[in-house]
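Encoded as structure tokens, the structure appears first; notes follow it.
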Amino acid sequence: MSKVWLITGSARGLGLHIARAVLEAGDRLVATARNPDRLTPLRAEFGDRVATFALDVADPTAAQAAVDFAADTFGRLDVLVNNAGFGHFAPFEQTDPDHFRAQVETNFFGVVNMTRAVLPVMRLQRSGHIINISSVGGRMTGPGMAAYQSAKWAVSGFSEIIAKETRHLGIRAVSVEPGGMRTEWGQIARGDAPGLMEDYAPAMGAMKAALEQVVGNEIGDPDKIAGIILDLAERSDVPEHLLLGSDAVELLKKAEEGRRKEAETWESVSRSTDCGNADLSFLKYI
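Position 38 of the sequence shown, counted from 1, bears residue number 423 in the numbering used here, the numbering being contiguous throughout.
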């Protein structure tokens, strides 16, 4: 039986790669974008198996309308891919407050809005997959990506909580955390960066050099990633987090080793705040 998918941010980048993979596999799709005219080629190629919907995921009312549209059009909704998002490379101090908020609204609250809308449908079905496109930047940090990475940390944590809350209902949620991908994302993220304040050059220099080297030569193949997404939607044993790309694996190893060493260094201070009758037996329930 073919599945019904809803993918946010379907017009370009990874979202478009996933959309094409879904349709080429014979499934049905509600493809969404802020400007649905950009989805016309999908409709022309795949006909009635794809429906398009204008969607700003930051708008909770629009998110609910998109889910209702999918259920009304195809009778069910099996897979939600929360893919819509964007980034911006600049030190926090040089990031416009409205731009910062817009990234968090789209990258995190967009996921919240779509998940809130889809859960009643999947709960009644007692089945469904929620695939959240986060980032390895949701598990580690680097200077210059405060808004984007803060939002992705929130997505990765939120996704893990939803996975724990809904597994017994037949719903599977996974945070997909890729490294760099060969899409236009990196070029767009750098495209409107302000001139770097000299005081931030020591912090930003290495990251800036890394981005300049990697943009256009990213490790991740978006078609292979799309294939993994399709496979996840067929499985009941999905992980709560899935890194994709050797760069993601290596970056997280480095970040987690740094956190482990820091925690060990400060462990005695961490434990020093316990009450005298501290009882840790409750931890067995968590």
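We treat Cβ as the ideally placed atom computed from N, Cα and C, and that holds for glycine.
In whole angstroms, what separates the C-alpha of His402 from that of Ser653?
Mapped onto the sequence shown, residue 402 falls at position 17. Mapped onto the sequence shown, residue 653 falls at position 268. His402 and Ser653 have their C-alpha atoms roughly 49 Å apart.
Check whether the stretch 524-536 and the stretch 462-481 touch, using three or more Cβ-Cβ pairs below 8 Å as the test.
Between the stretch 524-536 and the stretch 462-481 there are three or more inter-stretch CB-CB distances shorter than 8 Å, so the stretches are counted as touching.
Three or more C-beta pairs under 8 Å: does that hold for the stretch 505-523 against the stretch 474-489?
No, they do not touch.
Examine the Cβ distances between the stretch 434-451 and the stretch 497-516 and report whether three or more of them are shorter than 8 Å.
Result yes; three or more Cβ-Cβ pairs closer than 8 Å.
Is the beta carbon of Gly527 less than 7 Å from the beta carbon of Met592?
Stepping through the sequence shown from its first residue, residue 527 is reached at position 142. Stepping through the sequence shown from its first residue, residue 592 is reached at position 207. Against a cut-off of 7 Å, the Cβ pair of Met592 and Gly527 comes out as a contact.
How close, in whole Å, do the beta carbons of Asp437 and Arg428 come, if the pair is a contact with beta carbons under 8 Å?
Here residue 437 refers to the residue found at position 52 of the sequence shown. Here residue 428 refers to the residue found at position 43 of the sequence shown. Reading the sequence as shown, one finds Thr at residue 437 and not Asp. Approximately 6 Å separates the beta-carbon atoms of Thr437 and Arg428; this is inside 8 Å, confirming the contact.
Could you compute how far the alpha carbon of Met525 sits from the alpha carbon of Arg461?
Stepping through the sequence shown from its first residue, residue 525 is reached at position 140. Stepping through the sequence shown from its first residue, residue 461 is reached at position 76. In a straight line, the C-alpha of Met525 is about 36 Å away from that of Arg461.
Could you tell me which of Gly400, Gly523, Thr393, Gly513 sits nearest to Lys609, measuring between CA atoms?
Within the sequence shown, the letter at position 224 stands for residue 609. Checking every option, the nearest Cα to that of Lys609 belongs to Gly400.
Would you mind sorting Asn467 into buried or exposed? The rule is 16 or more other CB atoms within 10 Å of its CB.
What you label residue 467 is simply residue 82 of the sequence shown in a count that begins at 1. Using a 10 angstroms sphere on the CB of Asn467, the tally of other CB atoms reaches 16 or more, which defines it as buried.
Counting Cβ pairs closer than 8 Å, one from the stretch 640-656 and one from the stretch 580-595, do we hit at least three?
By the Cβ test, the stretch 640-656 is not in contact with the stretch 580-595, since fewer than three Cβ pairs between them sit closer than 8 Å.
Tell me, which residues are paired with Arg413 by DSSP?
For the purposes of this step, residue 413 is taken as residue 28 along the sequence shown, with counting starting at 1. Per DSSP, Val389.
Cβ pair Ala586, His514 closer than 7 Å:
On the sequence shown, residue 586 is found 201 positions in, with the first residue counted as 1. On the sequence shown, residue 514 is found 129 positions in, with the first residue counted as 1. No, Cβ-Cβ distance for Ala586 and His514 is not below 7 Å.
Compare the C-beta of Asp481 against all C-beta atoms of chain D and say whether one is closer than 7 Å.
Judged by its chain identifiers, the structure shown contains no chain D, having just a single protein chain.
What does the alpha-carbon distance come out to for the pair Arg645 and Phe431?
As a first step, residue 645 must be located in the sequence shown, where it is residue number 260. As a first step, residue 431 must be located in the sequence shown, where it is residue number 46. The straight-line gap from Cα to Cα measures roughly 49 Å.
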